[in-house]
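Residue numbers (our numbering): 77 to 223. By construction, the Cβ of each residue, glycine as well, lies at the ideal position given by its N, Cα and C atoms. As the structure is a computational prediction, the values presented were derived from the model and not from experiment. Data first, discussion second: the structure below is written as structure tokens.
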């Protein structure tokens, strides 16, 4: 279980005195606990790997948004900090599809399902369900916009 591995890796980060890794892993574990409570479960319970990946994906998206905002504000010190945290978060996420892979998948699915591109919202929603956890939503939207 991914959540159990996080506890082991937290200990390893503590031994190695890797403050960034410790902070990130603690943040993941805290977000997992919050997710359990939000779902009406006890904080001691364990999330499925899929649920943990969803939590980590959310945290990674927050880091990307922060990086973008800090770059606009000219805060390079904070950009570097967020990027180092994002690097650690991405180690826990499955490999993301490239833009070319997303494009070929989307084209195949549109022709297979006979989707109407004039109803872009439906197309995007359908593709996001199919590609959940495999591709970044901004890449999927960009590919569909280009069609």
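Contact between residue 190 and residue 129 does not hold, since the beta-carbon distance rounds to 31 Å and is not under 8 Å.
For the set 77, 102, 80, the Cα lying nearest the Cα of residue 89 is the one of 102. Setting aside the 5 residues that flank it on each side, residue 125 is surrounded in the same chain by 77, 78, each with a C-beta closer than 7 Å to its C-beta; the list follows chain order.
Within the same chain, Cβ atoms closer than 7 Å to the Cβ of residue 132 are found at 104, 165, 168, 169, the five residues on either side in sequence being excluded. When rounded, the separation of the alpha-carbon atoms in residue 100 and residue 109 is 14 Å. Boundaries of the alpha helix (DSSP H) around residue 213: 213-222. Within the model, the alpha-carbon separation for residue 114 versus residue 107 is close to 10 Å. In the three-state reduction of the DSSP assignment, residue 92 falls in the coil class. Inside the region 116-180, DSSP marks whole alpha helix (DSSP H) runs of 4 or more residues at positions 125-148, 152-167, from first to last along the chain.
Taking 8 Å as the cut-off, the beta carbon of residue 220 is found no closer than this to the beta carbon of residue 195. Contact annotation, residue 160 with residue 199: C-beta distance approximately 36 Å; criterion of less than 8 Å not satisfied. Counted as a single uninterrupted DSSP element, the alpha helix (DSSP H) harbouring residue 197 occupies residues 196-207.
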